[in-house]
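Since the structure comes first, as structure tokens, the remarks are kept for the end.
2 protein chains.
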Amino acid sequence: MSAPSEVRTDSLLVRAMRRRPVPTTPVWFMRQAGRSLPEYRALRTEVGMLEACTRPDLVTEITLQPVRRHRVDAAILFSDIVLPLRAAGVDLDIVAGVGPVVAAPVRSAADVAALPALDAGQIGFIDEAVRSLVGELGPTPLIGFAGAPFTLASYLVEGGPSKDHARTKALMHGEPELWHALLAHLAGVTTTFLRVQAAAGASALQLFDSWAGALSAADYATYVLPHSRAVLGALADTGVPLVHFGVGTGELLRLLGEAGADVVGVDWRVPLDEASRRIGPDRAVQGNLDPALLRAGWPVVEREVRRVLAEGRAAPGHVFNLGHGVPPETDPDVLTRVVELVHSVPRD
Amino acid sequence: MSAPSEVRTDSLLVRAMRRRPVPTTPVWFMRQAGRSLPEYRALRTEVGMLEACTRPDLVTEITLQPVRRHRVDAAILFSDIVLPLRAAGVDLDIVAGVGPVVAAPVRSAADVAALPALDAGQIGFIDEAVRSLVGELGPTPLIGFAGAPFTLASYLVEGGPSKDHARTKALMHGEPELWHALLAHLAGVTTTFLRVQAAAGASALQLFDSWAGALSAADYATYVLPHSRAVLGALADTGVPLVHFGVGTGELLRLLGEAGADVVGVDWRVPLDEASRRIGPDRAVQGNLDPALLRAGWPVVEREVRRVLAEGRAAPGHVFNLGHGVPPETDPDVLTRVVELVHSVPRD
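If you read the sequences in order, they're chains A and B. Using the working numbering, read the first sequence as starting at 1 and increasing by one per residue. Using the working numbering, read the second sequence as starting at 1001 and increasing by one per residue.
This is the structure in structure tokens:
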């Protein structure tokens, strides 16, 4: 094992994720790379979202920007949830102000059968971006990233973002065999996408199930959990810690832990001590500062950061983060101050 | 007390809300009056939303439509959450495809001080609509309706609908005295709006806190609960059962019960037996069929209706409903079949 790799394995981030003692709590922010940073907005003025995600030079630069600026304890690969589908050959685009739009929604057995698999050879640009990043980052670990099968399925079935996921839920309940075939396929796509990132040197992997919180625990357990578990199980031999996260998942925290991740992400609705009780002692937690409060002025932010850190001490491992992504309107200086504050508080 | 009033007090709905034995479970649907009905869409082609809510003839007709069609056990006053603000004199409109838009958002102490109170004399049209409806409905009870102080505050502070309620949360945490002054004022508006409905003959009142699920339990308890409790407390002497509901409130169910309602509404994420455990034995429950499943085909709908009824037996009282409003795309015939099915299953 090379020296930089050893350094990354011994990073604050990986140690906290492994529930090992750390002097201070590691901190990064979901969507730290992106619209809250002027240097990102400047780069993106003439480049579409999906193009930005597929050019290794841009992925590297955008991923590094928040590390340089905020001195966070991890980079997170700049990517998009639907990117592996597009790389596999699904006709989709990201439309500004709308989100991902799928040209031909997937709703029949024939549609599912026609879905292309993802071959590692189709994401050479991810391999290249991760290797470039690992070189640039030195001792700072890179977190790989992919959307979970349920969230990918919702985009495919609805044809785009949906508030109520009605077509997705109709397929799930009305044609469970077809549903499971679809999710099994997507689990394969997600697994390939994440394995390439681990092989190229990512120090941890986050499986992001954006929409899981739209489901009851019973539906999640029956229709989703087996497929997220398949992804996480297929990544166990990579040896890197695995994070699983969704929003609005208070009812699902125990199940998210059972999916096989080392770390369960928690939004702002459930305090970390209570979340850790639900998830159990064998998992670290990540979260849960309310991103909306980043605009409430420093005294409020400081009080909330200290509260999250205090409640996080009840968990066997804690990675400081927001309860959801950085809102685009966030003042980046507030994030930098949050990092400094988190680093100033002793943990173990 | 007049004969029709006695009949309404002894209705299936009120008995279930009072946790008294009922032969079958009463059923109505949030947003049963509205866009899912072709007869509603026909009426609304040339009338704006706020105009429709302020014309007693239209309110009466729109409120009666789903009762005629589905034979539900209750009517719910056709209204809009922001209507009492508009009636009090706040400059706002409902913009198609957007929602309520407030001309001058409320963010400073001067803004709060300038907010008009609502006088019962300003909502004579509500008094008239309710009296007309009570006459038309005969033995079928009418449920009165208003938005809760927090949800009204979010519209006023944000200036319209918001995904993350960032300005609202910033005000709440950053200027708690101003926040409490705002919510106390809005509690007065809501109380007046609901008292007029009770005085005109409504058989029950629902306080709807659309956005409460965006809050952690700690924030809800500190910044919202006292004001919802003030509203419900001020309505206790009306003698009609009170319902309190929000979406995504798994973490808040116990607190929603403590606000003083007789019935707590539950969305589709928490099964009614578990919800009733959290809420406690002194409250009935209402909900929790997943509205998205109304489009999943009858076998799925039937299975889910039977599951909700079975789980509802664990609660001391159960009013069948959806976990949120009727989606506009719903086939109304499915709702009619749901009513027939609910009525075919014995309860006590």
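By construction, the Cβ of each residue, glycine as well, lies at the ideal position given by its N, Cα and C atoms.
Within chain B, not a single residue places a beta-carbon under 8 angstroms from that of Asp-209 of chain A; the smallest gap is close to 15 angstroms. Annotation for Ala-96 of chain A: no beta strand (DSSP E) segment contains it, and DSSP assigns it neither H nor E.
For the region 1251-1268 of chain B, the set of positions with a beta-carbon nearer than 8 angstroms to some beta-carbon of chain A reads Glu-1251 and Trp-1268 in chain order. In the displayed model, Ala-1230 of chain B falls within a helix according to three-state DSSP. Using beta-carbon distances, Leu-1178 of chain B does not count as an interface residue toward chain A, since no partner is under 8 angstroms.
At least one CB of chain B lies nearer than 8 angstroms to the CB of Ser-216 of chain A. Chain B places no beta carbon closer than 8 angstroms to that of Val-112 of chain A, leaving this residue out of the contacts. Taking C-beta atoms as the reference points, Asp-1073 of chain B and Val-1134 of chain B fail to come closer than 8 angstroms. For Ala-284 of chain A, the enclosing beta strand (DSSP E) covers residues 284-289. Taken in chain order, the members of the region 1326-1347 of chain B whose beta-carbon sits within less than 8 angstroms of a beta-carbon on chain A are Pro-1327 and Glu-1329. Only residues of its own chain outside the window of five on either side were considered, and among them Met-30 and Arg-31 have a CB closer than 6 angstroms to the CB of Gly-325 of chain A, listed in chain order. Look at the region 177-212 of chain A and you find these whole runs of beta strand (DSSP E), each 3 residues long or longer: 204-208.
Residue-level contact check: Ala-296 of chain A touches chain B, since one or more beta carbons of chain B fall below 8 angstroms from its beta carbon. By the Cβ-count criterion, Asp-1333 of chain B is exposed, with fewer than 16 other Cβ atoms from all chains shown falling within 10 Å of its own Cβ. Nearest in C-alpha terms to Arg-1055 of chain B, of all of B:Arg-1068, B:Pro-1066 and B:Leu-1083, is B:Leu-1083. Setting aside the 5 residues that flank it on each side, Gly-89 of chain A is surrounded in the same chain by Pro-116, each with a C-beta closer than 6 angstroms to its C-beta; the list follows chain order. The beta carbon of Pro-1161 of chain B does not come within 8 angstroms of any beta carbon belonging to chain A, so the residue lies off that interface. Note: Ile-1076 of chain B is bridge-paired with B:Ile-1143 in the DSSP secondary-structure output.
Taking the C-beta atoms as reference points, Ala-166 of chain A is found no nearer than 8 angstroms to Pro-1161 of chain B. Here DSSP, grouped into helix, strand and coil, assigns Gly-265 of chain A to strand. When the five nearest sequence neighbours on each side are left out, the beta carbons in the same chain lying within less than 6 angstroms of the beta carbon of Met-172 of chain A are those of Trp-179 and Tyr-223, in order along the chain. Judged by DSSP secondary structure, Leu-242 of chain A falls within the beta strand (DSSP E) whose first and last residues are 242-245. For Leu-1322 of chain B, the enclosing beta strand (DSSP E) stretches over residues 1318-1322.
Three or more Cβ pairs closer than 8 angstroms define a contact, and the region 1229-1236 of chain B falls short of that threshold against the region 1266-1277 of chain B.
Within a 10 Å sphere around the beta-carbon of Pro-149 of chain A sit 16 or more other beta-carbons, which makes this residue buried. Ranked by Cα distance from Leu-1207 of chain B, the first of B:His-1227, B:Ala-1199, B:Ala-1200 and B:Gly-1201 is B:His-1227.
Pairing Ala-1075 of chain B with Ile-1126 of chain B gives a Cβ-Cβ distance that is not under 8 angstroms.
The C-alpha of Lys-169 of chain A lies about 30 angstroms from the C-alpha of Arg-1068 of chain B. Pro-116 of chain A is not bridged by DSSP to any residue.
Here Leu-225 of chain A really is in contact with Glu-258 of chain A; their C-beta atoms are around 7 angstroms apart, less than 8 angstroms. In terms of beta-carbon proximity, Ala-170 of chain A lines the interface with chain B, with at least one pair separated by less than 8 angstroms. Per the coordinates, the alpha-carbon of Pro-1023 of chain B lies some 41 angstroms from the alpha-carbon of Glu-158 of chain A. With a threshold of 8 angstroms between beta carbons, Gly-1239 of chain B makes no contact with chain A. Interface annotation, Pro-291 of chain A: in contact with chain B, CB-CB separation under 8 angstroms. A direct Cα-Cα distance of roughly 27 angstroms separates Gln-197 of chain A from Ala-113 of chain A. Note that the C-beta distance between Gln-65 of chain A and Ala-42 of chain A is not below 8 angstroms.
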